[in-house]
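Only one structure is covered here, and it is reproduced in the block below.
Residue numbers (my numbering), protein chains in the order written: chain Z, 1 to 112; chain U, 1 to 114.
And the structure:
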């Protein structure tokens, strides 16, 4: 059974730091992996989608990597800003249905 | 346009009421989803429509009734709900694919059942 774990559960950093959020999964048979951002009480915003054949994706200050063999993905945020404060969720697409398997998220606070 | 629009944003209903949540997307996506999210938890899949046909029902109680009138619209009809059904209901869409396409979510409808 596929399980997704995100470490750390919470992170507090000063503005300007580069930071890494981690996501691990137990079964390497995935279609893709998505990183989302969620602000309190709001919907989810898709940040990056990495297909199983890809190793990384970049969007602005965000870079996500995927290592299927080790069951890991990292989300790198460069030069963090207070506006980056949110919960970051990782989800893997696996199986024959359209079900994403979710991590519990990392709650990020970037302090001015 | 990468928007998924959900209405209403907030809904308060009694256990005997009938109400509906609505979702609309104009990205040409042919897969649409309903998720339920409780505080500090990830979203839980409820229903998936693919090409306007219900393809997945995650054993959701019949007091939740989905409907997909056309490729751009998705409704969730609510009847005789319980207080434990209070949650954020999220609609999402994607292109159907052999695996999963990128999922785009709406802002959600915050439901409170009294």
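For every residue, glycine included, the Cβ atom is placed at its ideal position computed from N, Cα and C.
In this text the structure is predicted, and so the values were computed from the model without any measurement.
{"Item": "Report all residues from its chain with a CB closer than 7 Å to the CB of residue 20(U); omit the five preceding and five following residues, and keep chain order.", "Value": "75, 76, 77, 78"}
{"Item": "Looking at the strands, I want to know which residues DSSP matches up with residue 13(U).", "Value": "113(U)"}
{"Item": "So with CB distances below 9 Å, who are the chain U contacts of residue 99(Z)?", "Value": "45, 48, 56, 58, 100"}
{"Item": "Could you tell me the alpha carbon to alpha carbon distance between residue 51(U) and residue 4(Z), rounded to whole angstroms?", "Value": "29 Å"}
{"Item": "Quick check: is the beta carbon of residue 24(U) nearer than 8 Å to any beta carbon in chain Z?", "Value": "no"}
{"Item": "Indicate whether the contact test is met: 3 or more Cβ pairs, each with one atom in the stretch 3-16 of chain U and one in the stretch 78-87 of chain Z, closer than 8 Å.", "Value": "no"}
{"Item": "Have a look at the DSSP bridge pairing and note the partners of residue 124(Z).", "Value": "This structure leaves residue 124(Z) out entirely; chain Z is present only between 1 and 112."}
{"Item": "Taking beta-carbon pairs under 7 Å, can you tell me which members of the stretch 21-39 of chain Z lie near chain U?", "Value": "31, 32, 34"}
{"Item": "Among residues of its own chain, excluding the 5 on either side of residue 47(U), which ones have a beta-carbon nearer than 6 Å to its beta-carbon?", "Value": "34, 57, 66"}
{"Item": "Hey, out of 1(Z), 11(Z), 29(Z), whose CA is closest to residue 109(Z)'s CA?", "Value": "11(Z)"}
{"Item": "Would the C-beta of residue 42(U) count as close to the ligand ZN, meaning under 7 Å from any of its heavy atoms?", "Value": "As presented, the structure is devoid of all ligands, the ligand ZN included, so that no description of it is given."}
{"Item": "Would you call the stretch 21-28 of chain Z and the stretch 66-73 of chain Z touching, i.e. three or more CB-CB distances under 8 Å?", "Value": "yes"}
{"Item": "Does any CB atom of chain U fall closer than 8 Å to the CB of residue 83(Z)?", "Value": "no"}
{"Item": "Please list the segments of the beta strand (DSSP E) lying wholly inside the stretch 20-61 of chain U, counting only runs of 3 or more residues, in order along the chain.", "Value": "31-37, 44-50, 53-57"}
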